[in-house]
């Protein structure tokens, strides 16, 4: 808005100076006229420098009075600057644009007849310019408000995400503590009594060893039986606590897929089928490492927006596929990443197939039980 006003004033002032100079070629310009030019420039430069509305409004009024004084006493062409000053006053005071148009027409009563067409043109162009600038200023204001609102929402979301992350971390820690407490209590209940009973039996057997060897042997047998029962309970408890290999493997892949999607650059999905119980921990490790390598390559080179991981147990093979919707490549050059995947698969008598015709597709085939 301010730059448009300065440009408008400079254009009209340049026209006035040129017209005055051409009209007075035969004689010298009046020093008072030159002083008016300089005063007008000084006042309007001051307006552009001021930041607060009230000083701007004051100097805009001074500029309008200076234009009227110069037009009446020295050069009628100064009236062409009056529409700009009037609209500037109306704009700074927050009044309606239509009011500015009506006020602009009042000086026509004092303008010379030969100057009326030029004045009307100046008034119309000024009204058009400032109306457009007002609309743009309102739009910029709304956009600024929207930007501030979005920034506040973004900060709120970031704060909520941070709080949720901290809550998840605390929840995980609490779950671990609760699981440790449950496990220790279960071991105490299942094993503590058995160990205490076995110790009592052995202490009694030691006391009877010199007096009644048969009774002592019986007590030792009871202690051994109680100890075996306690060991069996420990084994059962640990077996219940320890997750199955297929649960660990598929959940690690789920976590990896969730981490890919959380980055926001791609959409990652996981599908699986068949009897995944037959997959050994070593085979899960190969599948996990190859999937990580293939997904990393997709993010780096294929410009993909979607990555799909698929694990299926077929008749004789375990099939793990990582595919994306990226650019692909007609000829795939085997780098260290692909060679590493092939070596890992070969350690389980498997193989890796890489296809780049429609996006990248990396297939890992591993036979059951390394057959």
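Residue numbers (the numbering used here): 50 to 420.
We put the beta carbon where it would ideally sit given N, CA and C, even for glycine.
Once the 5 residues before and after residue i are set aside, which same chain residues still bring their CB inside 7 Å of it?
{"i": "residue 375", "result": "347, 351, 352, 353, 408 and 409"}
{"i": "residue 378", "result": "405"}
{"i": "residue 68", "result": "126"}
{"i": "residue 332", "result": "367, 397 and 415"}
{"i": "residue 373", "result": "347, 351, 353, 355, 356, 408 and 409"}
{"i": "residue 271", "result": "250"}
{"i": "residue 88", "result": "115"}
{"i": "residue 312", "result": "none"}
{"i": "residue 95", "result": "108"}
{"i": "residue 188", "result": "none"}
{"i": "residue 238", "result": "none"}
{"i": "residue 264", "result": "257"}
{"i": "residue 79", "result": "123"}
Measure the beta-carbon distance from residue i to residue j and round it to whole angstroms, keeping in mind my assumption that it falls under 8 Å.
{"i": "residue 399", "j": "residue 388", "result": "The pair is not a contact, with the Cβ atoms about 14 Å apart (cut-off 8 Å)."}
{"i": "residue 424", "j": "residue 138", "result": "Outside the modelled stretch of the chain, which goes from 50 to 420, sits residue 424, for which no answer is possible."}
{"i": "residue 123", "j": "residue 85", "result": "6 Å"}
{"i": "residue 132", "j": "residue 171", "result": "5 Å"}
{"i": "residue 284", "j": "residue 243", "result": "Actually they are not in contact, since the Cβ atoms of residue 284 and residue 243 sit about 13 Å apart, beyond 8 Å."}
{"i": "residue 302", "j": "residue 340", "result": "7 Å"}
{"i": "residue 246", "j": "residue 275", "result": "5 Å"}
{"i": "residue 323", "j": "residue 362", "result": "3 Å"}
{"i": "residue 349", "j": "residue 417", "result": "About 33 Å separates the two Cβ atoms, so there is no contact after all."}
{"i": "residue 112", "j": "residue 142", "result": "With a Cβ gap of about 14 Å, residue 112 and residue 142 do not count as contacting."}
{"i": "residue 121", "j": "residue 108", "result": "Actually they do not touch by this definition, with Cβ atoms about 20 Å apart."}
Quick check on residue i: buried or exposed, where buried means 16 or more other Cβ atoms within 10 Å of its Cβ?
{"i": "residue 397", "result": "buried"}
{"i": "residue 119", "result": "buried"}
{"i": "residue 326", "result": "exposed"}
{"i": "residue 279", "result": "buried"}
{"i": "residue 184", "result": "exposed"}
{"i": "residue 65", "result": "buried"}
{"i": "residue 54", "result": "buried"}
{"i": "residue 300", "result": "exposed"}
{"i": "residue 393", "result": "buried"}
{"i": "residue 390", "result": "buried"}
{"i": "residue 328", "result": "buried"}
{"i": "residue 419", "result": "Its pLDDT being 43, under 50, residue 419 is placed unreliably in this model, and the value from its coordinates should be taken loosely. The residue in question, residue 419, is exposed, as its Cβ has fewer than 16 Cβ neighbours within 10 Å."}
{"i": "residue 309", "result": "buried"}
{"i": "residue 105", "result": "buried"}
{"i": "residue 173", "result": "exposed"}
{"i": "residue 216", "result": "exposed"}
{"i": "residue 62", "result": "buried"}
{"i": "residue 213", "result": "exposed"}
{"i": "residue 102", "result": "exposed"}
{"i": "residue 70", "result": "exposed"}
{"i": "residue 298", "result": "buried"}
{"i": "residue 168", "result": "buried"}
Given residue i, which residues of its chain have a CB within under 6 Å of its CB, disregarding the five upstream and five downstream residues?
{"i": "residue 253", "result": "268"}
{"i": "residue 343", "result": "371 and 411"}
{"i": "residue 443", "result": "Outside the shown range of the chain (50 to 420) lies residue 443, about which nothing can therefore be said."}
{"i": "residue 179", "result": "136"}
{"i": "residue 60", "result": "none"}
{"i": "residue 369", "result": "336, 360 and 413"}
{"i": "residue 334", "result": "none"}
{"i": "residue 386", "result": "342 and 346"}
{"i": "residue 402", "result": "412"}
For residue i, which residues from the same chain have a beta carbon less than 8 Å from its beta carbon, with the 5 sequence-adjacent residues on both sides left out?
{"i": "residue 226", "result": "none"}
{"i": "residue 110", "result": "138"}
{"i": "residue 235", "result": "286"}
{"i": "residue 201", "result": "none"}
Taking contact to mean at least 3 C-beta pairs separated by less than 8 Å, is the segment 355-369 in contact with the segment 313-320? yes
Counting only runs that start and end within the segment 220-288, where is the alpha helix (DSSP H) found for 4 or more residues in a row? 242-257
With three or more beta-carbon pairs closer than 8 Å as the criterion, would you say the segment 218-230 touches the segment 255-264? no
Could you tell me which uninterrupted beta strand (DSSP E) segments, each at least 3 residues in length, are contained entirely in the segment 361-416, listed from first to last along the chain? 366-373, 400-404 and 410-416
Jot down the residue ranges of each uninterrupted alpha helix (DSSP H) in the segment 310-366, minimum 4 residues, whole runs only, in chain order. 330-346
Fully enclosed by the segment 53-141, which alpha helix (DSSP H) runs are 4 residues long or longer? 80-98 and 102-122
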